[in-house]
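Residue numbers (this note's numbering): -12 to 593. Inspection log for the structure reproduced underneath, given as structure tokens.
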Amino acid sequence: MRLSLLPRLDNIRLRNKMLIVYIFCVLLPIVLTNVVFYQVTTNNVKNQRMRDISRALEQVRNEFRGEIDVAVRVSDVFITDYLLNEILETEYESPLDYIAAYDSYFRKILNSYTPLYTSMQNIKIYLDNPTLLHSGGVGNLTYQVRNSDWYRALEKVKGSTPVLIRTARENRIQPAANVRDTFVIVRRMNNLAYFGTSKWEKILKIELRPQAIEQVFSNLNLNGHIYLLNESGQVEYATDPYVNWQTETIFFHELDLPDDAIEFATAYNGVEYLDSWKLVGVIQEEEVFREVQRPREFIVWLALINLLVSTAIIFWVSRSMNVRLINILRHMKKVKNQQFVPIEHRETLDEIGQLQNEFNRMTMQIKSLIHDVYIADIRRKGLEIEHRKAQFNALQSQINPHFLFNSLETIRMRSLIKNETETAQIIHKMAKLLRSSLTWNKDRIKVEEELEFIHCFLEIQKYRFGDRLTYRLDVDPEARSVIIPKMVFLPFVENASIHGIEPMKHGGEIDITIRRSSHDLEFSIRDNGAGMNPEQVERFYGYLENEAEELGERIGVQNVIYRLRMLYGDRIRLFIDSAPGQGTCIRITLPAQDEADGSAALLPRT
């Protein structure tokens, strides 16, 4: 099967292959992984949320039981108190005797528990001893009391077992007899194990504070309601405002709960006065799944980031290969049509880059072999080099005036004989310039030698202009040993003197500065002469672009710029700042070449 699949895969374009790799190796794995991760995370968050709600409900259950246990423990104290039971069993001859016994102990024990335990609001003992005054926590066990719901609840238990029941408040002004809005603990105080036989029936009733019960059930800070159910499923308490549990008998299974509600239940087991009671929490489904939304958004964003990053990287890599391969294929088709055009590309080191390099090499070899231009090209280049050398010498010779050196020397000697010392010096400097210009075997000199030519020329001009011309030379000592082409700075000095200072009536100044950096030599000349207009400045810049054939017989600055361009190519820099009447500043930057570095850098460039 693998052998049959390979030819089909080989027929698919590279771009489509990369798309297949992206879909099956990137897109589908990322989507499937995030779906599985989302399912696992959602289940974990949901289960954790369910456990948190269950624990919160159990906490409410334990707090409610704690409130009931406090009342039960207080009732244990009353039942086992010997002095209290002795006061309740005694038959008093007069009310004063009872009041004395009441004040001596009974009042203290009644008043000591209610302020201490805030969950209880009323403690009262009902008995049928006719010699007691029925006030101050003591009630008469009348026929009406015996017919109350809490008294009848004692008939179902034996002994002094505590009974928890919901009933009406003790001191309530009852507009309706069926309002039952508080919980009470009732117990018989006829404890035969402690006191033997009892002449009177005694019932202890401890009423719980409704606000304390409400505070317990409000601790479940969730979007839902809590229902306290007795052993028969009747609602004894509810936080649902639509359930009238205070006046009506409502069973939990009769409630109309929302369809999306989730029930949580916890039971009271092992507690005799809460046996088979349970606490049910009805929570909205939105409350449970609210926490699930957060990991869902995180997973979606994570999946999008993974997809975008991986897609961008794969697109970048595939495009790098596909574009270059298509480019190679297009040039191969050109070779097929006998168009031997090399691939223009930046050099790369991967296999496709090597393929492009080999293709270019092969293309050029085929082109050379077909057109037999290899030897012809060598000859053409040799002739071009010779032509440029001849042109270079011709251009250099144009700036060398052909004066007769011997004639000048004769004139100088004649001037010395006549004691015309200043004229002799000027002729000597002129002869020195001519001698250097006529020396063809030395086309490279030091900056220090070029400075001698400049000094000679400026002295000749100063002889000519007199006080109208002043000049300053500022040369970096390190620049004096730099090797430069002969007479490349002198034409600029001549240009500043002839075209800058000569038209000025009062003359002017010429400042020459030569500086050397680590790799460059900078020559700058500034004059305060006539200046140049923008067209002349542009013409100077244009000399950098002119070909040799365009110069013809023109000499001077044009010649120098062309020589520098032939010698240094693009490594020279020219800056001109000039305006009519504002003077001229020309700055030239050349590569710094010491004498020990050889002459290779100064060969004419073809």
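Even for Gly, the Cβ is constructed at its ideal location relative to N, Cα and C.
6 Å Cβ shell around residue i - same chain, five flanking residues per side excluded
{"i": "residue 176", "result": "66, 189 and 191"}
{"i": "residue 568", "result": "518"}
{"i": "residue 512", "result": "479, 483, 499 and 573"}
{"i": "residue 504", "result": "none"}
{"i": "residue -1", "result": "none"}
{"i": "residue 460", "result": "499"}
{"i": "residue 21", "result": "286 and 290"}
{"i": "residue 51", "result": "203"}
{"i": "residue 43", "result": "207"}
{"i": "residue 154", "result": "136, 137, 167 and 171"}
{"i": "residue 210", "result": "271 and 274"}
{"i": "residue 450", "result": "413"}
{"i": "residue 127", "result": "121"}
Expected contact under 8 Å - CB spacing of residue i and residue j to nearest Å
{"i": "residue 501", "j": "residue 434", "result": "6 Å"}
{"i": "residue 129", "j": "residue 78", "result": "About 19 Å separates the two Cβ atoms, so there is no contact after all."}
{"i": "residue 597", "j": "residue 110", "result": "Look at the range of the chain in this structure, -12 to 593, and you will see that residue 597 is not part of it."}
{"i": "residue 234", "j": "residue 166", "result": "6 Å"}
{"i": "residue 563", "j": "residue 552", "result": "At roughly 16 Å, the Cβ-Cβ gap does not stay under 8 Å, so residue 563 and residue 552 are not in contact."}
{"i": "residue 516", "j": "residue 457", "result": "Their Cβ separation, rounded to whole angstroms, is 12 Å, which puts residue 516 and residue 457 out of contact at 8 Å."}
{"i": "residue 494", "j": "residue 454", "result": "7 Å"}
{"i": "residue 318", "j": "residue 328", "result": "6 Å"}
Beta-carbon proximity list for residue i, same chain, < 8 Å, skipping 5 on both sides
{"i": "residue 152", "result": "136, 137, 140, 170, 171 and 173"}
{"i": "residue -7", "result": "At residue -7, the pLDDT of 48 sits below 50, so the modelled position is not reliable; the number obtained from the coordinates is stated separately. Closer than 8 Å at the Cβ level, and outside the excluded window around residue -7, lies no residue."}
{"i": "residue 477", "result": "437, 440, 441 and 444"}
{"i": "residue 232", "result": "222, 223, 224 and 225"}
{"i": "residue 71", "result": "65, 92, 93 and 96"}
{"i": "residue 68", "result": "96"}
{"i": "residue 468", "result": "433, 434, 435, 581 and 582"}
{"i": "residue 506", "result": "578 and 579"}
Residue i - partner residues in DSSP beta bridges
{"i": "residue 221", "result": "238"}
{"i": "residue 565", "result": "571"}
{"i": "residue 509", "result": "502 and 576"}
{"i": "residue 581", "result": "469"}
{"i": "residue 270", "result": "211 and 249"}
{"i": "residue 457", "result": "496"}
{"i": "residue 300", "result": "DSSP lists no partner for residue 300."}
{"i": "residue 254", "result": "265"}
{"i": "residue 462", "result": "501"}
{"i": "residue 194", "result": "109 and 171"}
{"i": "residue 432", "result": "471"}
{"i": "residue 321", "result": "Note: residue 321 sits in no beta bridge, so no partner."}
{"i": "residue 150", "result": "173"}
{"i": "residue 127", "result": "114"}
{"i": "residue 243", "result": "Its beta-bridge partners do not exist; DSSP assigns none."}
{"i": "residue 514", "result": "497 and 571"}
{"i": "residue 560", "result": "576"}
{"i": "residue 216", "result": "222 and 265"}
C-beta neighbour in chain C for residue i, strict 8 Å
{"i": "residue 191", "result": "As a matter of chain content, chain C is missing from the structure shown, which is built from one protein chain."}
8 Å Cβ cutoff met for residue i and residue j
{"i": "residue 17", "j": "residue 299", "result": "no"}
{"i": "residue 265", "j": "residue 216", "result": "yes"}
{"i": "residue 575", "j": "residue 527", "result": "no"}
{"i": "residue 508", "j": "residue 566", "result": "no"}
{"i": "residue 447", "j": "residue 413", "result": "yes"}
{"i": "residue 330", "j": "residue 313", "result": "no"}
{"i": "residue 492", "j": "residue 432", "result": "no"}
{"i": "residue 263", "j": "residue 201", "result": "no"}
{"i": "residue 57", "j": "residue 206", "result": "no"}
{"i": "residue 5", "j": "residue 297", "result": "no"}
{"i": "residue 246", "j": "residue 187", "result": "no"}
{"i": "residue 214", "j": "residue 258", "result": "no"}
{"i": "residue 76", "j": "residue 185", "result": "yes"}
{"i": "residue 9", "j": "residue 301", "result": "yes"}
{"i": "residue 199", "j": "residue 105", "result": "yes"}
{"i": "residue 227", "j": "residue 212", "result": "yes"}
{"i": "residue 251", "j": "residue 40", "result": "yes"}
{"i": "residue 108", "j": "residue 196", "result": "yes"}
{"i": "residue 341", "j": "residue 332", "result": "no"}
{"i": "residue 525", "j": "residue 514", "result": "no"}
Residues near residue i by beta carbon distance below 7 Å, same chain, minus five either side
{"i": "residue 555", "result": "577 and 578"}
{"i": "residue 124", "result": "97, 110, 111 and 112"}
{"i": "residue 149", "result": "59, 62, 172, 174 and 260"}
{"i": "residue 244", "result": "269"}
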